[in-house]
């Protein structure tokens, strides 16, 4: 493959000196709030995206000012678990360096928005001080690994979470660029050539063709939407014991409007592996994609297209060849739903866990609803920790019977509803960030979905369906970050105020929806 037909990002990665580029120099440049285009591709591997405030873009252009640049920073948090101390640290970072909000994502982690360039290193160092990092939270590598919501519910759930942490660590890039640039670590490279005494044993100098996403599900809950991801593990439990995983490959949500060779796809079941084999299976599935994936067109570079083009049997054969053994036959399983069960649940250790609905994952304070303050106060009195779910919600974990009433009192004081006070469709709603910070957004999403839900709730109430669990998801573009193609009602931004309407996905996440109508406005949606 020559430089002429490779995607531009492939050349950027090759010349980056293992993800260094000129990021350090760009951060030191005080003339602009941005960094170079090439470096903005590399910083994704470090867990951050260059963005600008699109609400003021036109006004600033008229005044001949550069865009209002800032950075989004995403934390790597396999399985979504944080301690209470870490929660307080992240809350402080949001107030000191970001836009005073925490954004929970559909991949069980936190995003900070509105971090200006001069605060980037301080923010990264504050995250590091909380014993967290952002390496590989974005970029053409294995991203944040998801695991079924609450590891404290049972030993099987705990094992799934441990596996998420283990596989995340195993597939983490080995470059020293992250520590060198952000944490003032020892410089192990120079501008004249490749990093010295450094290598990427799994990824190589070109990393992967595109992002790679891994999830672990414990049936009957499919809260991680296992069929939407490159690689999935379905826990197989026999007599209360985890005996292994059914392995799935080839799922993915992204597509491009008007390009029929791009499409969402649900994953196929590849085979069965034991818990002891699971990390090795992940590595081999990933390295086959590294070697077989499309590096000429990024729109066709995800694993789903490799499986679609090469075939599942061929992919399985290559994985088994690299493993040195055959995968087992898939075992029976059953999923019932993709949503979180909002409210209190008790684990096998008799401790309580409260799943709170967080509208579109945005933790903030507004008049009459001070969720950020409430969670901060709970973290200060409660040492049990928190869990971010794949549905953008939060679990207050390991609450003792003695503390339970105090937690409820704090939430009530700050206007936070518990349990079924919300409609069924709202409890099962998700939206991506979209405008004003996402550069890809074609329409509103997070800022608009709550308003649309209010209108829909009126119609559902009249039909006697207000309490029915209905999955609705909205994205501002077709990339599918909120997994709209697996929603019973999916809304995908096409133009400002207009959406493609998709209907009919399975409630348990096993079937894609279908395009019902294009370019619909709110009147037609409702």
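Numbering (this note's numbering), first residue to last: 440 to 965.
Beta carbons are placed, not taken as given, at the ideal position from N, Cα and C, and that holds for glycine.
Mind reading off the beta-carbon distance from residue i to residue j? Whole number of angstroms is fine, and I expect it under 8 Å.
i	j	result
residue 742	residue 691	7 Å
residue 486	residue 573	3 Å
residue 921	residue 952	Rounded, the Cβ-Cβ distance is 13 Å, inconsistent with contact.
residue 587	residue 657	4 Å
residue 881	residue 934	6 Å
residue 606	residue 528	Between residue 528 and residue 606 the Cβ distance is about 25 Å, and since that is not below 8 Å, they are no contact.
residue 655	residue 740	The pair is not a contact, with the Cβ atoms about 24 Å apart (cut-off 8 Å).
residue 835	residue 792	7 Å
residue 645	residue 452	5 Å
residue 576	residue 583	6 Å
residue 523	residue 786	Wrong, their Cβ atoms sit about 17 Å apart, outside the cutoff.
residue 726	residue 641	7 Å
residue 663	residue 751	About 21 Å separates the two Cβ atoms, so there is no contact after all.
residue 790	residue 838	6 Å
residue 896	residue 864	7 Å
residue 832	residue 794	6 Å
residue 959	residue 940	5 Å
Pick helix, strand or coil for residue i, following the three-state DSSP scheme.
i	result
residue 450	helix
residue 630	Low local confidence applies: a pLDDT of 39 at residue 630 is under 50, so the model's placement there is unreliable, with the coordinate-based value given in what follows. It is coil, neither helix nor strand.
residue 733	coil
residue 788	coil
residue 890	helix
residue 394	Missing from the structure shown is residue 394; the chain here goes from 440 to 965 and no further.
residue 685	strand
residue 615	coil
residue 586	strand
residue 591	coil
residue 767	strand
residue 717	helix
residue 656	strand
residue 620	helix
residue 674	strand
residue 651	strand
residue 959	strand
residue 745	helix
residue 515	strand
residue 751	helix
residue 931	strand
residue 951	coil
residue 793	strand
residue 679	coil
residue 416	Outside the modelled stretch of the chain, which goes from 440 to 965, sits residue 416, for which no answer is possible.
Using CA coordinates, which residue listed in the options is at the minimum distance from residue i?
i	options	result
residue 552	773, 542, 859 and 560	542
residue 954	938, 962, 582 and 946	938
residue 853	801, 686 and 812	812
residue 711	688, 647 and 735	688
residue 450	908, 546, 470 and 477	477
residue 947	964, 930, 961 and 924	924
residue 570	520, 612 and 597	520
residue 471	488, 556, 444 and 496	556
residue 668	724, 637, 821 and 622	724
residue 651	578, 699, 684 and 715	578
residue 815	858, 530 and 558	530
residue 518	562, 532, 447 and 602	602
residue 564	623, 590 and 649	623
residue 797	868, 756, 637 and 784	868
residue 699	851, 906, 738 and 886	738
residue 548	559, 497, 525 and 560	525
residue 550	884, 919, 827 and 949	827
residue 931	446, 474 and 694	694
residue 730	647, 903, 847 and 942	647
Review point. So does the stretch 473-493 actually touch the stretch 536-543, counting three or more Cβ pairs closer than 8 Å?
Key: no
Review point. If you scan the stretch 529-566 from start to end, which runs of the alpha helix (DSSP H) of 4 or more residues do you find wholly inside it?
Key: Counting only runs that start and end inside the stretch 529-566, there is no alpha helix (DSSP H) element of at least 4 residues.
**Study point:** Three-pair Cβ contact test at 8 Å for the stretch 499-519 versus the stretch 763-782
**Key:** no
Exercise for review: With a floor of 4 residues, list each alpha helix (DSSP H) that falls wholly inside the stretch 454-509, ordered by position along the chain.
Suggested key: 462-467, 476-481 and 496-501
Review point. Do the stretch 744-762 and the stretch 704-721 make contact, defined as three or more Cβ pairs closer than 8 Å?
Key: yes
Point to revise | Touch test, the stretch 677-686 against the stretch 611-619, Cβ-Cβ under 8 Å, three pairs minimum | key: no
Point to revise | Touching by the beta-carbon criterion (3+ pairs, under 8 Å), the stretch 903-921 and the stretch 858-877 | key: Contact holds: three or more Cβ-Cβ distances are below 8 Å.
**Study point:** the stretch 493-505 in contact with the stretch 803-810 per 3-pair CB rule at 8 Å
**Key:** no
**Study point:** alpha helix (DSSP H) runs contained entirely in the stretch 835-889, provided each spans 4 or more residues
**Key:** 840-852 and 863-866
**Study point:** the stretch 664-675 in contact with the stretch 755-764 per 3-pair CB rule at 8 Å
**Key:** no
**Study point:** Completely contained beta strand (DSSP E) runs for the stretch 809-835, where each covers 3 or more residues
**Key:** Whole beta strand (DSSP E) segments, 3+ residues: 825-827.
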